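Residue numbers (the working numbering): 26 to 478. Ideal Cβ placement from N, Cα and C applies to all residues, glycine included. Owing to the predicted nature of the structure, the values given are computational and were not obtained by experimental measurement. Notes for the one structure printed next.
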Amino acid sequence: MDALLYFIITVGILVFIHEFGHFAAARLCGIQTDAFAIGFGYRLFGWNKVTGFTFGELPKDTDLQGHTDYKINLLPLGGYVKIAGMVDESMDTDFASKPPQPHEFRSKSTLAKVFVITGGVLMNLLLALAVFWGNNYFEGKTFSKTTTVGYVAEQSLADSLGFQAGDKILAINGKEMKYWEDIRNEVFVAGMGLDLKFDVERNAEKTVITVPRNQVPKDESQGPFLLTENLKPVVSDLLKDAEADKGGIKTGDILLSINDTSIYTVQQTIGMISNAADRDITLKVLRGEKDTLGFTINPGSDGKIGVILGGYIYLGETENITYGFFESVGLGFRDMGNMSALTFIMLKRVITGDVEFKRAFGGPIKIAQFAARSADSGLQSFLMFLGLLSLSLALLNILPFPALDGGHLVMILIEGAMKREIPLKTKIVIQNAGFVLLLVLMAFILYNDILSL
């Protein structure tokens, strides 16, 4: 239920921002907008200057007298602005039999048309820039000042590839690694679909570990690939009256060691506790980031103590870099540029077959899952997710594909070059073909979402 709520909030914000861009641009150019809709399908409720606030669909003969009907529709999967005199997804062509009117899209200059059709993308870019600027200005950037592997589980992927605890990662594919965040970015984002060559320092000697692209983890949903030193699991919840609860463990405690053996992963913790069935264990925790406490707990015959572990926390040295107002703006543009470049690199790798389609694209289910996870991590995390999604929406929307803003833009530019309109029937055929392909693509993405559950 939380995931559905956050999906509606996320999509609602992004759609509103995008469609407001089209709406504002159209109004600035003196173009009539007949509808501003969030969602598709049946009109749940809305407001306009003629009928006021009403529920349900408006009668078909309603004359809005040039005013806009602002409405919320049933399916929260997008939205639209109905612009007078424009062939769009509604396929409304009643205007075509009449001469162009001053308030219609088709009567405007090529420059005005370009402004209107790119208004949504521009607003999505502005939202992304605002989020990235705000994150840099108010929060700065925090980096883990280490590139040293802290723990490698036996028979894990990292173990089979030759990594060892204490390995210091110097570079990946020739790029110097300064912080642990650099490593995660190179493995899971920039290096997706590539073989990864790790330059490693071990016992004062340098070695190279190559990870074939088909062995690079898709993400960290099944547990971390490489664990930095000083990373510890956190107690996210407790079973009431279970051994841990009765023994004094609290939610938020950071697990440090079991029987004086340092612990790093959830799997390692579970294994050590289950192997100590019916025997007392000494569990050392960090509470409130300052108090180190020890507890003696007996897992019982089932080898469980009733703790639920969720996520990890880094206890090592960090570096927080803060930025000024204008510097944050520049960094915001740089962040957008980096993410845009990665997006197009990813598209290229999907086309060449280096990256599976389902790894690169997510539909409503994945958006809902990531929205809920980011919201659970706090407002900053949710806003960053919103900014990244807004940037992705802008980039994908401007692609020259029929039914997307980029497809409309191409037709506008062609008409401007020819100094005449493309025949209406041709526009409708192109729009219909693009819309069908888009529906097929969305269905395929949704299918992959369901398979990944």
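Nearest-angstrom Cα separation, counted from residue j out to residue i
i	j	result
Phe-223	Trp-205	13 Å
Leu-411	Asn-473	22 Å
Leu-232	Asp-184	At residue 232 the sequence reads Thr, which differs from the Leu that was named. Their backbone Cα atoms lie some 15 Å apart in a straight line.
Leu-69	Leu-154	33 Å
Gln-247	Met-436	Because Gln-247 sits at a pLDDT of 49, beneath the cut-off of 50, its placement in the model cannot be relied upon, and the following sentence gives the value as read from the coordinates. Straight-line Cα distance between these residues: approximately 46 Å.
Ala-393	Ile-34	10 Å
Glu-446	Phe-130	12 Å
Gly-165	Thr-347	4 Å
Thr-286	Phe-32	42 Å
Phe-61	Gly-336	42 Å
Gly-66	Glu-314	51 Å
Leu-421	Asn-210	22 Å
Thr-93	Thr-58	6 Å
Gln-126	Ser-365	39 Å
Leu-464	Ile-208	37 Å
Ala-50	Val-225	53 Å
Lys-329	Leu-281	18 Å
Val-236	His-43	41 Å
Arg-312	Leu-318	7 Å
Val-375	Leu-367	12 Å
Val-260	His-433	52 Å
Ile-475	Glu-179	32 Å
Arg-359	Val-212	21 Å
Asn-363	Asp-270	46 Å
Thr-167	Gly-159	15 Å
Residue i burial status per 10 Å Cβ neighbour count (16 or more: buried)
i	result
Ser-122	exposed
Pro-427	buried
Glu-268	buried
Met-443	exposed
Thr-294	buried
Phe-351	exposed
Glu-254	buried
Asn-149	buried
Gln-240	exposed
Thr-290	buried
Pro-425	exposed
Gly-403	exposed
Asp-262	exposed
Pro-324	buried
Leu-356	buried
Val-461	exposed
Asn-73	buried
Test item: CB-CB of residue i and residue j under 8 Å
i	j	result
Thr-135	Gly-441	yes
Ile-283	Met-297	yes
Met-371	Met-217	yes
Phe-188	Leu-256	no
Phe-320	Gly-272	yes
Val-146	Gly-103	no
Asp-327	Ala-302	yes
Leu-408	Val-156	yes
Thr-173	Asp-192	yes
Phe-386	Ile-453	no
Gly-55	His-128	yes
Val-106	Phe-48	yes
Gly-341	Ser-169	yes
Ser-353	Asn-161	yes
Gln-30	Gly-64	Looking at the sequence provided, one finds Leu at residue 30 rather than Gln. Not a contact, by the Cβ cut-off of 8 Å.
Leu-83	Ser-415	no
Ile-338	Ile-279	yes
Nearest-angstrom beta carbon gap, residue j and residue i [assumed within contact, 8 Å]
i	j	result
Lys-16	Gly-71	Residue coverage of the chain in this structure runs from 26 to 478, which leaves residue 16 outside it and unanswerable.
Ile-423	Gly-431	4 Å
Leu-221	Ile-194	With a Cβ gap of about 11 Å, Leu-221 and Ile-194 do not count as contacting.
Ile-306	Pro-258	About 15 Å; that fails the 8 Å criterion.
Leu-264	Gly-331	4 Å
Range covered by the beta strand (DSSP E) that runs through residue i
i	result
Ala-62	58-73
Ala-229	Looking at the DSSP string, Ala-229 is not in any beta strand (DSSP E), and its letter there is neither H nor E.
Asn-345	343-346
Asp-262	256-263
Ile-333	332-339
Gly-216	First-last for Gly-216: undefined, no H or E at that position.
Arg-312	306-312
Ile-108	94-108
Range covered by the alpha helix (DSSP H) that runs through residue i
i	result
Ser-353	350-377
Asp-184	182-186
Ser-415	404-422
Lys-138	135-159
Gly-46	27-53
Leu-438	430-443
Distance cut-off 7 Å: residue i Cβ against heavy atoms of the ligand MN
i	result
Glu-446	Within the structure as shown, the ligand MN is missing, as the structure has no ligands at all.
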